[in-house]
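Colleague: What follows is a single structure, and I will ask about it in a moment.
Numbering (UniProt numbering), first residue to last: 1 to 359.
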């Protein structure tokens with residue numbers, strides 16, 4: 001049985017895809033091309049390919065910076081520059097992007113959250129900047145110190161207003177979503193919102209709902225974005241900044257993922273149906289049965305999403321980049337969030353041969 005689980009692979013430690021027979025993930029096969037509009041003109045430019053970053057003014061001195069995979073931002077004020085985040089994939093290119101447009105120094109840095117992929121190069125701003133973050137972010141950085149992520153010098157619990165050189169930014173914490181301490185950063189005069197790792201404009205976002213910790217709250221945060229009056233969203237990842245239309249598109253996609261995941265649970269997580277799948281490989285292979293159960297649900301949800309006609313009559317593969325490769329991971333994560341975070345409709349009754357319930 002195991003011999004035919006996937007195609008034979010010769011494993012090696014060469015700098016290429018590493019595969020193993022039977023137990024691991026196979027190399028991804030063919031997928032549809034990403035929608036052409038996903039890739040902005042800068043991505044194909046010689047300058048971007050050489051230097052590895054793109055900087056673009058969104059409005060009145062508020063700039064978006066991207067490596068084509070990670071995003072950050074900065075605002076030029078009369079008294080200096082406020083930087084938002086410092087992804088290592090940008091690193092010193094954050095300084096280069098700032099120097100492209102101003103000779104003013106960076107005086108303030110805002111941490112969106114504590115994850116190193118977004119602030120792991122914050123030390124490039126030097127030791128004399130004021131660093132603003134949520135109090136949980138400071139607590140985590142004190143607990144797990146990192147010289148690349150200097151400790152915040154100013155923290156807050158719920159809301160904080162930062163005004164520098166005539167520019168005001170409104171910082172808000174609405175509770176754990178992607179991770180504890182992840183904040184909303186709003187520039188009302190510019191109508192620019194920074195909210196990291198909740199959506200990835202134009203794409204299905206990275207696997208497992210961008211490795212988020214509280215999926216129910218992560219869904220809530222998508223709608224909280226839409227409560228702001230914004231024209232531009234700095235979202236943390238991929239090729240482009242967001243717009244209200246792109247946020248609505250992401251909300252629709254993940255609503256379909258949730259719909260498919262719930263349907264899969266209703267069918268395959270019923271105790272009677274589950275036992276059929278769980279026990280088929282045998283009582284001495286219970287983990288194999290568990291994988292078959294989970295994969296059945298993930299596959300059902302994935303099929304639901306990828307074969308459903310969306311609100312504009314297109315498939316998701318025609319609207320968002322990455323859906324054919326990422327949806328199965330989102331389906332698994334959302335299924336687990338339903339099972340772990342959301343109310344259960346019932347539970348097992350005592351005695352033999354109880355009525356079916358959701359496991």
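Backbone N, C-alpha and C fix where the C-beta goes; we use that ideal spot for every residue, glycine too. Model, not experiment: these values are computed from the prediction.
Classify residue 45 as helix, strand or coil using the three-state DSSP reduction.
Modeller: Mapped onto the chain shown, residue 45 falls at position 45. Looking at residue 45 - three-state DSSP - the assignment turns out to be coil, as it is neither helix nor strand.
Colleague: Relative to the alpha-carbon of residue 120, which residue among 96, 89, 107 has its alpha-carbon at the smallest distance?
Modeller: Locating residue 120 in the chain shown gives position 120, where the first residue counts as 1. Comparing Cα positions, the closest option is 89.
Colleague: Is residue 316 helix, strand or coil by DSSP?
Modeller: In the chain shown, residue 316 corresponds to position 316, counting from 1. Three-state result, residue 316: helix.
Colleague: Answer yes if the region 234 to 247 comes into contact with the region 272 to 287, meaning at least three C-beta pairs across the two stretches below 8 Å, and no otherwise.
Modeller: Cβ pair count under 8 Å is below three, so no.
Colleague: By how many angstroms is the C-alpha of residue 149 removed from the C-alpha of residue 228?
Modeller: Taking the first residue of the chain shown as position 1, residue 228 is located at position 228. Taking the first residue of the chain shown as position 1, residue 149 is located at position 149. Taking the straight line from one Cα to the other gives about 29 Å.
Colleague: Skipping 5 residues on each side, what residues in its chain have a beta carbon closer than 7 Å to that of residue 1?
Modeller: Taking the first residue of the chain shown as position 1, residue 1 is located at position 1. Per-residue confidence for residue 1 stands at a pLDDT of 35, beneath the threshold of 50, marking its modelled position as unreliable; the derived number appears in the next sentence. Same-chain partners within the cutoff: there are none.
Colleague: Report back the beta-carbon spacing between residue 324 and residue 32 to the nearest angstrom; my notes put them in contact at under 8 Å.
Modeller: Mapped onto the chain shown, residue 324 falls at position 324. Mapped onto the chain shown, residue 32 falls at position 32. Their Cβ separation, rounded to whole angstroms, is 6 Å, which keeps residue 324 and residue 32 in contact under 8 Å.
Colleague: Please tell me whether residue 238 and residue 212 are closer than 7 Å, where the distance is taken between their beta carbons.
Modeller: Stepping through the chain shown from its first residue, residue 238 is reached at position 238. Stepping through the chain shown from its first residue, residue 212 is reached at position 212. No; because the gap between Cβ atoms is not below 7 Å, this pair is not in contact.
Colleague: Please report the distance separating the alpha-carbon of residue 114 from that of residue 65.
Modeller: In the chain shown, counting from the first residue as 1, residue 114 sits at position 114. In the chain shown, counting from the first residue as 1, residue 65 sits at position 65. Their backbone Cα atoms lie some 19 Å apart in a straight line.
Colleague: In the DSSP output, which residue or residues are listed as bridge partners for residue 323?
Modeller: In the chain shown, the residue the question calls residue 323 occupies position 323. BP columns for residue 323 are empty, so no partner.
Colleague: Straight-line CA distance for residue 3 to residue 20?
Modeller: For this step, residue 3 is matched to residue 3 along the chain shown. For this step, residue 20 is matched to residue 20 along the chain shown. Its pLDDT being 43, under 50, residue 3 is placed unreliably in this model, and the coordinates cannot settle the point.
Colleague: Quick one: what does DSSP say residue 167 is sitting in, helix, strand or coil?
Modeller: Walking along the chain shown from the start, residue 167 turns up at place 167. It is a strand residue.
Colleague: Can you tell me the Cα-Cα spacing of residue 140 and residue 305, whole angstroms?
Modeller: Counting from 1 along the chain shown, the entry for residue 140 is found at position 140. Counting from 1 along the chain shown, the entry for residue 305 is found at position 305. So the alpha carbons of these two residues sit roughly 36 Å apart.
Colleague: Grab me the residues of residue 127's own chain with a C-beta within less than 8 Å of its C-beta, minus the 5 sequence neighbours each way, in chain order.
Modeller: The residue given as residue 127 occupies position 127 in the chain shown. Taken in chain order, the residues that qualify are 150.
Colleague: Since residue 167 and residue 130 should fall inside the 8 Å C-beta cutoff, what is the C-beta to C-beta distance between them, to a whole number of angstroms?
Modeller: Position 167 of the chain shown, counted from the first residue, corresponds to residue 167. Position 130 of the chain shown, counted from the first residue, corresponds to residue 130. 14 Å between Cβ atoms; not a contact.
Colleague: Identify, in the order they occur along the chain, each residue of the same chain with its Cβ nearer than 7 Å to the Cβ of residue 215, setting aside the five sequence neighbours on each side.
Modeller: The residue you call residue 215 lines up with position 215 of the chain shown. Answer for residue 215: 209, 333, 334, 337, 341, listed in chain order.
Colleague: Could you name the residues of the same chain whose beta carbon sits closer than 6 Å to that of residue 346, not counting the 5 residues immediately before and after it, in chain order?
Modeller: Here the question's residue 346 lines up with position 346 in the chain shown. Only 357 meet the Cβ criterion.
Colleague: Compare the C-alpha of residue 159 against each of 165, 169, 152 and name the closest.
Modeller: The residue you call residue 159 lines up with position 159 of the chain shown. Among 165, 169, 152, the Cα nearest to that of residue 159 is on 169.
Colleague: Are the Cβ atoms of residue 85 and residue 112 separated by less than 7 Å?
Modeller: Counting from one through the chain shown, the residue named residue 85 turns up at place 85. Counting from one through the chain shown, the residue named residue 112 turns up at place 112. It is a contact, given that the beta carbons lie within the stated cut-off.
Colleague: State yes or no: is the C-beta of residue 200 within less than 7 Å of the C-beta of residue 235?
Modeller: Mapped onto the chain shown, residue 200 falls at position 200. Mapped onto the chain shown, residue 235 falls at position 235. In this structure, residue 235 lies closer than 7 Å to residue 200 by Cβ.
Colleague: Tell me which same chain residues have a C-beta within less than 8 Å of the C-beta of residue 349, skipping the five on either side of it?
Modeller: Translated into positions along the chain shown, residue 349 becomes position 349. If we look at residue 349 and ignore the five residues flanking it on each side, its Cβ neighbours are 355, 357.
Colleague: Mind pulling the beta strand (DSSP E) runs of 3 or more residues that sit fully within the region 171 to 247?
Modeller: Segments of the beta strand (DSSP E) lying fully in the region 171 to 247: 184 to 187, 192 to 194, 232 to 234.
Colleague: Please look up how many angstroms separate the CB atoms of residue 174 and residue 232, rounded, as I've assumed it's under 8 Å.
Modeller: As a working note, residue 174 is residue 174 in the chain shown. As a working note, residue 232 is residue 232 in the chain shown. Incorrect: roughly 20 Å between the Cβ atoms, too far for contact.
Colleague: Is the distance from the Cβ of residue 101 to the Cβ of residue 125 below 7 Å?
Modeller: The residue labelled residue 101 in the question sits at position 101 within the chain shown. The residue labelled residue 125 in the question sits at position 125 within the chain shown. Cβ atoms of residue 101 and residue 125: not closer than 7 Å.
Colleague: Over the uninterrupted alpha helix (DSSP H) stretch that includes residue 63, give me the two end residues.
Modeller: What you label residue 63 is simply residue 63 of the chain shown in a count that begins at 1. Careful: residue 63 lies outside any alpha helix (DSSP H), inside the beta strand (DSSP E) at 62 to 66.
Colleague: What separation, rounded to the nearest whole angstrom, lies between the Cα atoms of residue 288 and residue 187?
Modeller: For this step, residue 288 is matched to residue 288 along the chain shown. For this step, residue 187 is matched to residue 187 along the chain shown. Taking the straight line joining both Cα atoms gives about 51 Å.
Colleague: Do residue 263 and the ligand FMN come close, with the Cβ less than 6 Å from some heavy atom?
Modeller: The ligand content of the structure shown is nil, which means the ligand FMN is not present either.
Colleague: Short of 6 Å in beta carbon distance, which residues of its chain neighbour residue 82, apart from the five on each side in sequence? Order them along the chain.
Modeller: In the chain shown, residue 82 corresponds to position 82, counting from 1. Closer than 6 Å at the Cβ level, and outside the excluded window around residue 82, lie 75, 108, 164.
Colleague: What are the boundary residues of the beta strand (DSSP E) that includes residue 272?
Modeller: Walking along the chain shown from the start, residue 272 turns up at place 272. Careful: residue 272 lies outside any beta strand (DSSP E), inside the alpha helix (DSSP H) at 271 to 279.
Colleague: Among the candidates 272, 67, 51, whose CA atom is the shortest distance from the CA of residue 352?
Modeller: Position 352 of the chain shown, counted from the start, is the residue given in the question as residue 352. Among 272, 67, 51, the Cα nearest to that of residue 352 is on 272.
Colleague: Going along the chain, which unbroken runs of the beta strand (DSSP E) with 3 or more residues stay wholly within the region 114 to 144?
Modeller: Fully enclosed beta strand (DSSP E) runs of 3 or longer: 130 to 134.
Colleague: Nearest-angstrom Cα distance between residue 269 and residue 339?
Modeller: Residue numbering aside, residue 269 sits at position 269 when the chain shown is read from its first letter. Residue numbering aside, residue 339 sits at position 339 when the chain shown is read from its first letter. Their Cα atoms are separated by approximately 9 Å.
Colleague: Residue 57 lies in the alpha helix (DSSP H); which residues open and close that run?
Modeller: Taking the chain shown and counting its residues from 1, the one referred to as residue 57 is at position 57. Here residue 57 belongs to no alpha helix (DSSP H); instead the beta strand (DSSP E) covers 54 to 59.
Colleague: Under the rule that 16 or more other beta-carbon atoms within 10 Å means buried, what is residue 45, buried or exposed?
Modeller: Here residue 45 corresponds to residue number 45 of the chain shown, with the count starting at 1. Its Cβ having fewer than 16 others within 10 Å, residue 45 is exposed.
Colleague: By a C-beta neighbour count over all protein chains shown, 10 Å radius and 16 as the cutoff for buried, is residue 314 buried or exposed?
Modeller: In the chain shown, counting from the first residue as 1, residue 314 sits at position 314. By the 10 Å Cβ count, residue 314 comes out exposed.
Colleague: Please classify residue 161 as buried or exposed, where buried requires at least 16 other C-beta atoms within 10 Å of its C-beta.
Modeller: Numbered from 1 along the chain shown, position 161 holds the residue referred to as residue 161. Exposed is the call here.
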